[in-house]
Each structure stands twice: as C-alpha cells, then as structure tokens.
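Working notes, structure below.
Numbering (my numbering), first residue to last: 111 to 385.
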C-alpha cells in the first residue's frame with residue numbers, strides 16, 4: 111500500500127474516532143448522567159425507558175469493573191469511550207471490506223439507501239415504524255451473522271457495544287468511511303491493520319513519551335508499541351523461516367522456490383539429498 115493511501119486512511123481514522131468519542135461522551139452525559147471525573151449515579155434517571163435503564167445498569171457495571179482494575183473516575187469513562195469508539199469503527203470498517211469482496215450485499219456504502227438494507231426492509235415492512243426505519247437493526251443482524259464465524263469481534267454482548275451513534279453521528283461516520291478517496295482502500299487486506307494502528311495517533315504517543323520515558327501502565331505499553339506489520343514484512347519473515355526450513359528439507363526441490371518471492375538464496379547453496 112502506498113504512502114498516499116495510508117495517509118487517507120489515517121485522516122479518516124482520526125476523524126472517525128473524534129466523531130464517535132464526541133457522540134458517546136454526549137450520550138453518557140446527556141442521557142445516562144455519566145460524566146468523567148464524577149461518581150457514578152446510583153440509579154438510572156426517571157426519564158429513561160426500560161431498554162435505556164438496562165443499558166444504564168450495564169454501563170455502570172462496566173465502569174465499576176474498570177474502577178476495580180485501578181482506573182479513577184476520569185480514566186474509567188475515558189477508557190470506555192475509547193473502546194466503544196474503537197469497536198464501532200472497526201465493525202463498520204469490516205463491513206466496508208466485506209462489501210468490497212462481495213461477501214455481503216451493499217450495507218453501508220449508501221447508508222440507509224444501500225441495496226442490502228432495501229431488500230431487508232422489503233422482507234419486514236414493519237421496520238418502517240422504527241425511528242431509523244430499522245437500519246440499526248439491519249446492521250446488528252449482520253454483526254450477529256458474522257459473529258457466528260468471527261465470534262467475539264462482532265459479539266454485541268460486549269460492553270463496548272452498548273452505545274450506538276445517533277442519526278447525525280452515524281451519518282457523519284458513514285460519510286467519512288464513504289469518502290471517494292478511500293474507495294480503493296477497502297479491497298486491500300492491509301486496510302483494517304492500518305486503521306488499528308492509526309486509531310492511536312502519533313501525537314498521542316508523543317505526549318505519552320514526554321510525560322514519561324517508560325510506559326506507566328498496560329495501555330501506554332500497548333499504544334507505544336502498536337504498529338501494524340505490512341504484508342511485505344510478514345512475507346519476508348515467513349519466507350525466510352518456515353519457507354527456508356522447508357526449502358532446505360527438500361534440498362531446494364520445491365515449488366516454494368517460485369512462490370516465496372522474498373526467500374533469500376545464499377551463494378553456492380548445497381544440500382544433503384532429501385530424506
């Protein structure tokens with residue numbers, strides 16, 4: 111993947127993270143009365159409906175769990191917001207990559223106007239009664255279907271999936287993912303890896319290094335060392351470890367000679383006859 115494409119992915123990832131973190135903080139504050147740096151509310155607000163009260167209870171339990179692991183009131187909320195944004199972004203990005211491989215019908219490329227959602231809506235006309243016409247339900251059904259194969263990565267029981275972006279934020283997020291300059295990236299296997307790396311910005315890493323020369327906790331350790339390994343590096347390593355082992359076992363008489371493009375050949379190589 112060239113540098114220009116990686117730069118486009120980086121910008122989109124940073125924009126998407128900002129969009130989602132802002133949205134989820136607003137939901138925690140405005141709907142669930144959960145604010146960074148303040149004690150957790152003991153009871154859900156009277157304005158919440160039954161489903162929102164359930165979500166409130168699960169949010170509080172998740173934040174209390176983070177507190178028990180050593181996070182303070184500020185860090186617990188910050189951690190949850192970050193993980194919720196990361197989870198939502200990666201799931202929708204994965205749908206874009208599945209679309210590009212024709213493994214799912216178009217579902218996010220045109221938002222609620224996507225052909226996959228139109229077909230889904232045609233099978234369940236009652237969806238039109240829902241506030242978003244059932245688009246969230248449709249995407250969650252896709253997540254559930256994929257979770258059968260990919261398990262925890264798409265498991266909606268994960269606490270990081272408790273919140274869902276409201277209409278305006280979801281529209282903004284989809285606009286970011288559907289930028290024309292990103293179109294060529296979705297067919298590339300490396301794209302999800304670069305999103306993983308760019309979610310934590312270089313500015314964030316630099317700030318950590320300025321505050322401390324060594325990682326102060328497990329997250330800082332991960333962020334400082336969270337770099338995606340491009341395909342060519344993986345190919346070089348595998349070609350010259352597993353590939354080299356097999357190549358020598360077969361005394362060079364193997365199709366891997368042609369397949370392992372990064373295999374390093376030593377001058378005047380000699381082998382014992384194959385056993």
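Don't be surprised by glycine CBs; every beta carbon is placed ideally from N, CA and C.
Owing to the predicted nature of the structure, the values given are computational and were not obtained by experimental measurement.
Residue 291 places its beta carbon less than 8 Å from that of residue 118. When the beta-carbon positions are compared, residue 134 and residue 194 come within less than 8 Å of each other.
Contact between residue 150 and residue 174 is confirmed by a C-beta separation of about 7 Å, below the 8 Å threshold. Taken in chain order, the region 215 to 283 contains no complete beta strand (DSSP E) segment of 3 residues or longer. Between the region 125 to 132 and the region 274 to 288 there are three or more inter-stretch CB-CB distances shorter than 8 Å, so the stretches are counted as touching. Under the DSSP assignment, residue 128 falls in the alpha helix (DSSP H) whose first and last residues are 113 to 140. 196 is the residue among 219, 161, 196 and 187 whose C-alpha sits nearest the C-alpha of residue 311.
Exposed is the label assigned to residue 320, since fewer than 16 other Cβ atoms lie within 10 Å of its Cβ. Annotation: the continuous alpha helix (DSSP H) that includes residue 186 extends over 183 to 210. Under the Cβ criterion (8 Å, minimum of three pairs), the region 337 to 349 counts as touching the region 366 to 377. When the five nearest sequence neighbours on each side are left out, the beta carbons in the same chain lying within less than 6 Å of the beta carbon of residue 353 are those of 366, 370 and 373, in order along the chain. Taking a C-beta distance under 8 Å as the contact criterion, residue 288 and residue 219 qualify as a contact pair. By the Cβ neighbour-count rule, residue 113 is exposed, with fewer than 16 other Cβ atoms within 10 Å of its own.
In the structure shown, residue 165 falls within a helical segment according to DSSP collapsed to helix, strand and coil. The continuous alpha helix (DSSP H) containing residue 346 extends over residues 341 to 349.
CA-to-CA, the gap between residue 115 and residue 158 works out to about 44 Å.
The residue among 304, 263 and 230 with its C-alpha nearest the C-alpha of residue 249 is 230. DSSP places residue 314 in the uninterrupted alpha helix (DSSP H) bounded by 312 to 321. Residue 299 and residue 260 have their C-alpha atoms spaced approximately 16 Å apart.
Inter-residue distance for residue 200 and residue 378 is about 48 Å (C-alpha atoms, whole angstroms).
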